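Start counting the sequence shown at 6; every next residue gets the next number (my numbering).
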Amino acid sequence: MEAGVNYRNWADLLPDALGLIFSNLSLQETLTIVPRVCKSWNQAVLGPYCWQNINILDWSYRSNPDHIDHMLRLLVTRSGGALREITVSGILNDLTFSFLADHCRSLQTLQIPRCNISDTIVEQISTKLLAVTFMDLSYCRKISARALSAIGKSCKSLVGFRRNMHPIDIQERRPQAEEAVAIAATMSKLKHLEMAYNCVDTKNIVEIIEKCKELEFLDVRGCWDVKLDQDWLDKRAVMVKVLGPHVVDQFEGHSCSDYSDTDSFYDYASLDDGLWDDDDDIDDDDDEDRVGGRLELRFYEGFNENYSNGWV
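Below is the structure:
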């Protein structure tokens, strides 16, 4: 050790600094390894410092819905009301969503794709999400225009909205014109909108472009009934970058009535030994259902105000 050099102990770091460092670790490491290092690290993990931004998306893909509910309640409680961002798939029911809204009044980013929540609960708790600026409700099959309208009326700061749907595994793919109307009527400040594989037509998309004056990016890939004239876009939508509707895949050119579905929505593996089991123990017989249930088109990741991240 060099003379005159002072080395500070990691345990002496401020809790918020530790929380920032621990945010680079996996969820499993943060919850099972870090607390065993020393008292100060354990206190940091138990406090809100590590849980202002909760992203358990990858973990939730392979987890039982009951475990997702348990983990979400644990982490939200630890955040102590300081939660700013949450990303999780497969919220089991309305009660869990209500709990989330009750404890996250400062939430700014809410990404909950493939969740089993209803229009009713969204209408009831939308006024508790006033600070939300970006929301992802992709693949949530139980919600409709009612929920979107409630969100648009309550979340006045909303500038990013994601409502992508599956190109397959939709049994009765209903027209989503009412959803497009709700977006146009209530989300006028949107800058970023994703509606991939929605059952909408040209009229719906034109209405969104005309009423959302600040729109900068619109994803309508796979919306085969949408026919946008480039001359019209050049004249009327100069600031809007439109992606789609053309996309090269095996579903190209299919209309909404061409899609089919399975009855299974939550095709998660059972976890016999706790929260950290992976998919290695899943029976081969479940493979087909599990693949269909977990298919997801995450076209664009990392929304932020500058839209600086790339495509994946």
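From the three backbone atoms N, C-alpha and C, an ideal C-beta is built for every residue, glycine too.
Computed from a predicted model, the values in this text were never measured in an experiment.
For residue j and residue i, the rounded distance between their alpha carbons
| i | j | result |
| --- | --- | --- |
| Arg-151 | Cys-43 | 50 angstroms |
| Pro-20 | Met-170 | 40 angstroms |
| Ile-61 | Lys-240 | 43 angstroms |
| Val-186 | Glu-212 | 7 angstroms |
| Trp-89 | Ser-68 | Reading the sequence as shown, one finds Arg at residue 89 and not Trp. C-alpha separation (whole angstroms): 23 angstroms. |
| Met-76 | His-108 | 14 angstroms |
| Val-39 | Ile-59 | 17 angstroms |
| Leu-30 | Ala-190 | 41 angstroms |
| Leu-100 | Val-137 | 20 angstroms |
| Val-252 | Lys-208 | 20 angstroms |
| Pro-250 | Asp-63 | 28 angstroms |
| Ser-103 | Cys-228 | 32 angstroms |
| Tyr-66 | Asp-236 | 42 angstroms |
| Cys-217 | Ile-188 | 9 angstroms |
Residues near residue i by beta carbon distance below 6 angstroms, same chain, minus five either side
| i | result |
| --- | --- |
| Met-140 | Leu-115 and Phe-166 |
| Arg-119 | Ser-94, Gly-95 and Tyr-144 |
| Ser-84 | Pro-53 and Trp-56 |
| Arg-110 | none |
Any non-hydrogen atom of the ligand MG closer than 7 angstroms to residue i Cβ
| i | result |
| --- | --- |
| Arg-226 | The ligand MG is not part of this structure, which contains no ligands at all. |
Same chain, Cβ closer than 8 angstroms to residue i, five either side skipped, listed in chain order
| i | result |
| --- | --- |
| Val-245 | Ile-214, Leu-220, Glu-221, Phe-222, Leu-223 and Leu-238 |
Rounded Cβ spacing between residue i and residue j (contact assumed at less than 8 angstroms)
| i | j | result |
| --- | --- | --- |
| Val-164 | Gln-181 | The pair is not a contact, with the Cβ atoms about 21 angstroms apart (cut-off 8 angstroms). |
| Arg-168 | Met-200 | 5 angstroms |
| Ile-210 | Leu-233 | 7 angstroms |
Residue closest to residue i, alpha-carbon to alpha-carbon, out of the options
| i | options | result |
| --- | --- | --- |
| Asp-71 | Asn-98, Val-50, Asp-63 and Ser-45 | Asn-98 |
| Pro-53 | Leu-80, Asp-63, Glu-199 and Leu-30 | Leu-80 |
| Gly-86 | Ser-131, Lys-158 and Leu-112 | Leu-112 |
| Tyr-202 | Val-243, Ala-242 and Leu-248 | Leu-248 |
| Leu-25 | Trp-46, Thr-37 and Gln-33 | Trp-46 |
| Lys-147 | Ile-156, Leu-23 and Ser-123 | Ser-123 |
Sequence-distant residues of its chain with Cβ nearer than 7 angstroms to residue i (five each side left out)
| i | result |
| --- | --- |
| Thr-35 | Phe-27, Val-50 and Cys-55 |
| Ser-159 | Ser-131, Thr-132, Leu-134 and Leu-135 |
- Scan the region 23-110 and note each continuous beta strand (DSSP E) run of 3 residues or more that stays entirely inside, going in chain order. Unbroken beta strand (DSSP E) stretches of 3 residues or longer found wholly inside the region 23-110: 58-60 and 90-92, given in chain order.
- Of all the beta strand (DSSP E) runs that stay within the bounds of the region 153-199, which reach a length of 3 or more residues? Segments of the beta strand (DSSP E) lying fully in the region 153-199: 165-167 and 197-199.
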